[in-house]
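J.: Can you keep this structure in mind? I'll have questions shortly.
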Amino acid sequence: MEHAAIKANGLEKWFGEGEARTLAVQSASFEARYGEMLYIVGPSGSGKTTLLSMISGILKPDGGSVIVEGKDLWMLESDEIADLRLNKIGFVFQDYHLFPRLTTAENVAIPLILKKMEWNTALKVALEYLEIVGLKDRAQLPPVKLSGGEQQRVAIARAIAGQPDILVLDEPTASLDGDTGRKIVEFVKTNILNDKRCIIIVTHDSRIDEYADAIMKMEDGKIIGVERNRALKGVGE
Amino acid sequence: MPGILKIALKLLVNDKSKFAALLIGITFAVFLMVMMMSMFSGILARSSSSVYNIGAKIWVMDPAVNNATSSIPMPDYVLSAARSIKGVKYAVPLYFGGAQVKLKSGAYQAVTVVGLDDATLYGRPDLIEGNIENIYAENAFFVAKDAEFSKLESPKIGTEFEINDFRGVVVGLAMVASSGLFGVPTLYTTHSRAVTYIPSTRFTTSFILVEPKSDADIPYIQQQIKKLGYQALTRNEFVKKISDFYTYKTGIGMNILLMTAISFIVGLSISGQTFYTFILENLDKFGALKAIGAKGRVLISMILFQASFTALIGYGLGVGLASTMIILARIRIPDYAAQVTYMTLGFAFVMVLIIAGVSSYIGVRKVLQIQPFDIFRG
Ligand SMILES: Nc1ncnc2c1ncn2[C@@H]1O[C@H](COP(=O)(O)OP(=O)(O)OP(=O)(O)O)[C@@H](O)[C@H]1O
Ligand SMILES: [Mg+2]
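Chains Z and V, in that order, give the protein sequences. Residue 83 in numbering that gives the first Met the number 0 sits at position 84 of the first sequence; the count goes up by one each step and never skips. Residue 345 in numbering that gives the first Met the number 0 sits at position 346 of the second sequence; the count goes up by one each step and never skips.
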């Protein structure tokens with residue numbers, strides 16, 4: 000089995016025009032593996048979100064390549080990239096972006112509905128995922144009635160409902176208090192991560208470091224180091 | 000229904016205040032447009048009522064005439080000339096005139112008097128009551144049973160009245176296809192009696208009604224009449240002439256057009272603006288959908304569906320409201336001149352589609368522009 004879920008090679012991204020033109024990410028190469036929870040950490044503005052977007056098919060790089068499941072992602076047509084995102088990648092956005100006018104269950108069902116699953120089936124499957132995140136009894140409520148941590152769990156349920164191989168989370172704990180944040184990440188680690196799945200988390204919350212299998216550090220758009228096999232080490236301590 | 004459209008529908012309908020504002024905008028626009036155009040159709044149909052009610056095939060008139068009730072009398076030689084045109088089966092004079100009637104109660108009422116050719120009674124109406132022979136009886140008049148009938152205090156056979164100081168008696172009631180525009184009741188009598196009872200100009204032929212031997216003769220007859228300096232129009236041509244007159248030569252057509260345009264613009268701005276706000280407020284959600292993997296055409300189908308759904312409901316409500324208004328108005332004013340034609344419905348429908356189209360175009364542009372990356376960055 001191929002261990003790398005994502006392979007990035009010399010990724011590069013520029014923003015702005017003329018004088019203001021800046022290099023947000025430069026010559027970034029790394030791989031994210033199945034069965035591991037990889038953190039991307041670094042100071043604000045170091046290019047973490049930019050890098051995450053390029054490897055998940057949301058932002059086209061100006062240079063370099065991304066290999067996802069053996070395919071050169073940015074050589075695909077935009078519709079193929081959309082399909083790849085839909086089928087292989089789950090997203091948890093920092094601000095959740097749940098639909099306030101849909102019920103919690105309908106929110107979770109969205110990736111399934113986009114995959115053309117029949118409405119009632121999709122809602123049934125959504126309930127299963129709400130159960131996984133422990134919110135089955137909130138299925139009929141609009142998300143705004145839920146607490147921040149609960150909304151984050153709904154967002155996670157939505158991200159995994161389509162059974163993606165790769166799950167990306169940008170600052171999942173940023174708008175949660177420390178305890179709730181830890182619980183969410185712990186939950187993801189124990190319930191969502193498995194051998195066939197790769198989870199990438201962008202964070203600068205060091206309180207959740209203990210759950211990382213690998214930590215990749217960024218500074219000024221460059222990857223300055225990757226630390227692996229932390230969990231093994233962590234277990235011993 | 001595909002699930003994604005169901006999602007689109009819920010996003011729209013569950014946003015109750017905006018959905019209501021959208022519906023009000025479109026309903027209002029459709030209501031006003033349908034109302035304006037129905038009133039106009041009603042007026043046009045009424046304006047030609049005499050032409051419909053007197054079922055002649057060809058009408059001969061002075062070219063300056065543009066309305067059946069305000070005719071320009073023609074000299075007698077036109078009638079003889081018309082009779083001698085090849086292809087004319089018969090040609091008869093028709094008299095149109097106004098008179099004052101003094102009713103039993105003592106009240107005065109203006110009427111239109113139609114004088115039918117004594118010999119043939121060509122152009123006579125179908126009767127509801129009475130015998131057409133009785134038109135030759137002394138002082139005999141038929142009364143048109145149209146919307147104005149009650150203004151003559153709903154007379155029966157035998158009811159007497161005074162007309163310009165002559166005695167008149169009702170000998171029957173006539174059916175009409177359509178009521179007139181000017182709210183004046185109509186009496187039928189013979190040409191000779193009409194001319195005697197009503198003070199007239201030197202000429203007494205308002206129109207000449209012509210029956211051709213066959214329809215193929217019509218162009219030739221029209222050509223010959225034209226040579227006399229007069230105009231021969233088929234029924235449809237005459238109706239069109241009258242409609243054109245009201246549409247283009249009076250303020251009515253222009254005003255209706257303006258009001259319709261204003262209704263359209265008001266409706267378009269309300270709905271377009273509201274829909275745009277709706278899209279803007281949901282922009283990050285559409286962006287999130289895009290990031291999750293919704294293709295551009297899926298988002299477009301959602302927006303088109305939302306816009307056309309609102310438009311169709313608004314259209315239904317608007318048409319329903321306009322029809323209800325017309326029905327209610329008829330209860331109070333029986334001869335309220337408004338009719339909802341298929342053309343009006345079709346026109347309003349096209350306008351609504353344009354409103355929906357413009358609104359969704361703006362929405363689609365906005366949604367296709369959003370970059371999932373910007374959503375991702377928050
Ligand atoms: N759309 C854009 N236009 C211009 N500059 C941009 C844009 N997106 C990102 N940048 C710049 O690129 C750099 C990297 O941004 P990025 O959002 O990836 O940082 P980050 O590490 O995720 O920061 P944070 O921890 O604050 O989220 C920053 O200097 C940022 O200002
Ligand atoms: Mg970031």
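Beta carbons: idealized from backbone N, C-alpha and C, even for Gly.
Can you confirm whether G41(Z), when its beta carbon is compared against all beta carbons of chain V, has any partner nearer than 8 Å?
T.: No, no contact with chain V.
J.: Have a look at G105(V) and G317(V) and give me their C-alpha separation to the nearest angstrom.
T.: Distance between the alpha carbons of G105(V) and G317(V): 46 Å.
J.: Kindly indicate which three-state DSSP category R364(V) falls into: helix, strand or coil?
T.: Looking at R364(V) - three-state DSSP - the assignment turns out to be helix.
J.: Distance cutoff 8 Å, beta carbons only. Does M0(Z) sit that close to anything in chain V?
T.: Legend: pLDDT at M0(Z) = 46, less than 50; position of this residue unreliable, value from coordinates given subsequently. Not one chain V Cβ lies under 8 Å of M0(Z).
J.: Please confirm whether any heavy atom of ligand 2 lies closer than 7 Å to the CB of T237(Z).
T.: Because chain Z is modelled from 0 through 236, residue 237(Z) falls outside the range shown and cannot be assessed.
J.: Assign I54(Z) to buried or exposed, taking buried as 16 or more other Cβ atoms, counted over all protein chains shown, within 10 Å of its Cβ.
T.: Per the 10 Å Cβ criterion, buried.
J.: In chain order, what are the residue ranges of uninterrupted beta strand (DSSP E) at least 3 long that sit wholly in the stretch 68-115 of chain Z?
T.: Within the stretch 68-115 of chain Z, the complete beta strand (DSSP E) runs of at least 3 residues are 88-91.
J.: In whole angstroms, what separates the C-alpha of I264(V) from that of M32(V)?
T.: When rounded, the distance between both Cα atoms is 11 Å.
J.: Please confirm whether W73(Z) has its beta-carbon closer than 8 Å to some beta-carbon of chain V.
T.: Judged by the 8 Å Cβ criterion, W73(Z) is not in contact with chain V.
J.: Note the first and the last residue of the continuous alpha helix (DSSP H) segment covering N163(V).
T.: Premise fails: N163(V) is in no alpha helix (DSSP H) and is neither H nor E.
J.: Using Cβ-Cβ distances below 7 Å, what residues of the stretch 48-77 of chain Z are close to chain V?
T.: Those would be T48, S52, I57, L58, in chain order.
J.: Report the residue from G148(Z), N228(Z), Q25(Z), D82(Z) whose alpha carbon sits nearest the alpha carbon of V187(Z).
T.: Checked all of G148(Z), N228(Z), Q25(Z), D82(Z); the closest Cα to V187(Z) is G148(Z).
J.: Which of the three DSSP states is assigned to V234(Z) in this structure?
T.: Only weak support exists for where V234(Z) lies, its pLDDT of 40 falling under 50; the coordinates are left without a value.
J.: Taking a Cβ distance cut-off of 7 Å, strictly less, list which residues of the stretch 80-98 of chain Z are near chain V, in chain order.
T.: Within the stretch 80-98 of chain Z, the qualifying residues are A81, D82, R84, L85, F90, F92, Q93, D94, H96, F98.
J.: Would you call the stretch 52-71 of chain V in contact with the stretch 225-232 of chain V, where contact means no fewer than 3 C-beta pairs closer than 8 Å?
T.: Verdict: yes, contact present.
J.: Along the chain, where does the beta strand (DSSP E) that runs through N8(Z) open and close?
T.: Counting along the chain, the beta strand (DSSP E) containing N8(Z) begins and ends at 3-14.
J.: Just curious, the alpha helix (DSSP H) that I3(V) is in, first and last residue?
T.: It spans 2-12 - the alpha helix (DSSP H) in which I3(V) sits, taken as one unbroken run.
J.: Please list the terminal residues of the continuous alpha helix (DSSP H) segment that includes L327(V).
T.: Element bounds for L327(V): 295-331.
J.: Using the three-state DSSP reduction, which class does R201(V) fall into: helix, strand or coil?
T.: It is coil, neither helix nor strand.
J.: State yes or no: is the C-beta of G315(V) nearer than 7 Å to some heavy atom of ligand 4?
T.: Looking for ligand 4 in the displayed structure turns up nothing; the ligands present are ligand 1 and ligand 2.
J.: Can the beta-carbon of I207(V) be found less than 8 Å from the beta-carbon of L78(V)?
T.: Yes. Within cutoff.
J.: Run the CB neighbour count on N235(V), radius 10 Å, all protein chains shown included, and call it buried at 16 or more, exposed below.
T.: Counting Cβ neighbours within 10 Å, N235(V) comes out exposed, since fewer than 16 surround it.
J.: Specify, as a first and last residue, the run of the alpha helix (DSSP H) that D75(V) falls within.
T.: Residues 75-82.
J.: Does the structure place the stretch 112-120 of chain V close enough to the stretch 89-97 of chain V that three or more beta carbon pairs sit under 8 Å?
T.: Because the criterion of three Cβ pairs below 8 Å is met, the stretch 89-97 of chain V and the stretch 112-120 of chain V touch.
J.: Is the Cβ of L101(Z) closer than 8 Å to any Cβ of chain B?
T.: Chain labels in this structure do not include chain B; the protein chains are Z and V.
J.: Who are V257(Z)'s beta bridge partners in DSSP?
T.: For chain Z, the structure presents residues 0 to 236; residue 257(Z) sits outside this window and is missing.
J.: Taking 8 Å as the threshold (beta carbon to beta carbon), is L140(Z) in contact with chain V?
T.: Not one chain V Cβ lies under 8 Å of L140(Z).
J.: Can you tell me whether I25(V) is buried or exposed? The criterion is at least 16 other CB atoms within 10 Å of its CB, across all chains shown.
T.: Buried: at least 16 other Cβ atoms inside 10 Å.
J.: Can you list, in chain order, the stretches of the alpha helix (DSSP H) that have 4 or more residues and sit fully within the stretch 24-51 of chain V?
T.: Listed in chain order, nothing qualifies, since the stretch 24-51 of chain V has no complete alpha helix (DSSP H) run of 4 or more residues.
J.: Only counting the same chain, and skipping five residues up and downstream in sequence, which positions put a Cβ closer than 8 Å to that of D125(V)?
T.: Excluding sequence neighbours, D125(V) sits near A173, M174.
J.: Would you mind stating whether V225(Z) and F29(Z) have Cβ atoms separated by less than 8 Å?
T.: In contact: V225(Z) and F29(Z) (Cβ atoms closer than 8 Å).
J.: Mapping DSSP to helix, strand and coil, what is G17(Z)?
T.: Here G17(Z) sits in helix by DSSP.
J.: Quick one: which chain Z residues come within Cβ less than 9 Å of R376(V)?
T.: Those within 9 Å of R376(V) in chain Z are T48, T49, S52, Q93, D169.
J.: Can you check whether the CB of L111(Z) is closer than 8 Å to the CB of Q150(Z)?
T.: Contact: no.
J.: Indicate whether at least one CB of chain V lies closer than 8 Å to the CB of I109(Z).
T.: True, the Cβ-Cβ gap to chain V drops below 8 Å.
J.: On the DSSP bridge list, what partners appear for F29(Z)?
T.: F29(Z) is bridged to A7(Z).
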